[in-house]
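Sequence positions in the sequence shown follow this note's numbering and run -17 to 280. Ideal placement from N, C-alpha and C gives every residue a C-beta, glycine not left out.
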Amino acid sequence: MEHLLSIEKIDRKDMEAILTAAGPMKAARGRHDRQPLAGQTWALIFSKSSTRTRVSFEVGIRELGGQPIFLNANDIQLGRGEPIKDTARVLGRMIHGAVIRTFAQNDVEEFAEYSAIPTINALTDAEHPCQILTDIFTFQEKRGPIAGKVVTFVGDGACNVPLSWIFAAAKLDFELRIAAPRAYQPTPELLKRVGGKIICTEDVQAAARGADLLYTDVWVSMGMEAETEKRLKDLAGYQINDALVKLAQPDVMVMHCLPAYRGKEIDAATFESHAMTIFDQAENRLHTQKAILERLAS
Ligand code: CP
Ligand code: NVA
């Protein structure tokens, strides 16, 4: 595995290897006998805000023996219009790997192509692969194999997080239901291309019935702030709350990739009663991403 650019492009065997390695990585925290990034410098190049992704990668790189450098994309010449492919060719001669959070998926792919160093997608408008690998690790850690289970995503079904879930469902053989208004569902072309068992519906109750995992994400993703008012109106009702949880399996897990907006995509009481899962999920970003880094470094 050379890069982690998307769940769409990752091989199933790499995905399974990362999911398998994340558990031992978690168990061995603080006493790793291997330092696969020893002597290496990895850059985090971010054009969007981040708490979890930034901190978990900076800590993870250090714990594997490497040095992270954080570059706000606006502080480097990229922000003044230097092309990605030139930035990539310069950094590729100085650093050993890159973790990129930006808008266009193509920018991460172009960086990977021109830099010739391992490149990780830390969120684009199209995908959030590190998040979904972590979410699946977290589900499996608590409930066993995800194959054959039912995952229901509620909210903006066309943003990066549900799109990565779609590709994962087709690869790991679980059922994915997306409950979203028609305009916030993935395109039929994409669903046809991916295959797998993916059901899109406007009926949030039907989507939640019997689910093993209820999952949501913000209604207003980064970059969509101008649409805030419209989105809050359009997506009202596509919320995880107690009534929805009652329709799912009795032991349903509730997850949120965070940050959470209480009273919007999830109500405060449901968030707090599932906070243990949600913050385990946040912590697991560190362990899963260390498994990704190790696989890319070897
Ligand atoms: N879930 C997630 O990626 O969080 P951050 O935006 O804080 O990195
Ligand atoms: N869909 C959200 C995910 C945040 C981690 C966004 O892109 O802002």
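Query: Same chain, Cβ closer than 6 Å to Gln263, neighbours up to 5 away in sequence not counted; Result: Thr120 and Met237
Query: Sequence ranges, alpha helix (DSSP H) only - wholly within the stretch 0 to 83, length at least 4; Result: 34 to 45 and 66 to 73
Query: Contact check, Asn103 vs Ser203, beta carbons under 8 Å; Result: no
Query: Endpoints, alpha helix (DSSP H) assigned at Ala161; Result: Taken as a continuous stretch (DSSP letters only), Ala161 belongs to no alpha helix (DSSP H), being part of the beta strand (DSSP E) at Glu157 to Ala161.
Query: Within-8 Å CB hit, Ile0 to chain D; Result: The structure shown contains no chain D; it is built from a single protein chain.
Query: Reduced DSSP category for Phe135 - H, G, I as helix; E, B as strand; rest coil; Result: strand
Query: Cβ-Cβ separation, Val176 to Ile283 (assumed contact under 8 Å), whole Å; Result: With the chain covering only -17 through 280, there is no way to say anything about residue 283.
Query: Start and end residues, alpha helix (DSSP H) containing Met258; Result: Ala257 to Ala279
Query: 8 Å contact criterion, which Ala190 and Ala150 should meet: CB distance rounded; Result: 19 Å between Cβ atoms; not a contact.
Query: C-beta atoms of Lys227 and Leu275 nearer than 8 Å; Result: The sequence given here places Val at residue 227; Lys does not occur at that position. It is not a contact, given that the beta carbons lie outside the stated cut-off.
Query: Any non-hydrogen atom of the ligand CP closer than 7 Å to Pro18 Cβ; Result: no
Query: Val236: first and last residue of the uninterrupted beta strand (DSSP E) it sits in; Result: Met235 to His238
Query: Proximity test, Met(-17) beta-carbon vs the ligand NVA heavy atom, cut-off 7 Å; Result: no
Query: Three or more C-beta pairs below 8 Å linking the stretch 22 to 33 and the stretch 47 to 55; Result: yes
Query: DSSP three-state assignment for Arg(-6), whether helix, strand or coil; Result: helix
Query: Meets three-Cβ-pair contact criterion under 8 Å: the stretch 83 to 98 and the stretch 120 to 136; Result: no
Query: Nearest candidate by alpha-carbon position, reference Ile248, set Asp199, Glu(-2) and Gly192; Result: Asp199
Query: Distance cut-off 7 Å: Asp249 Cβ against heavy atoms of the ligand NVA; Result: no
Query: Bridge partners - Asn103, DSSP secondary structure assignment; Result: Ile82
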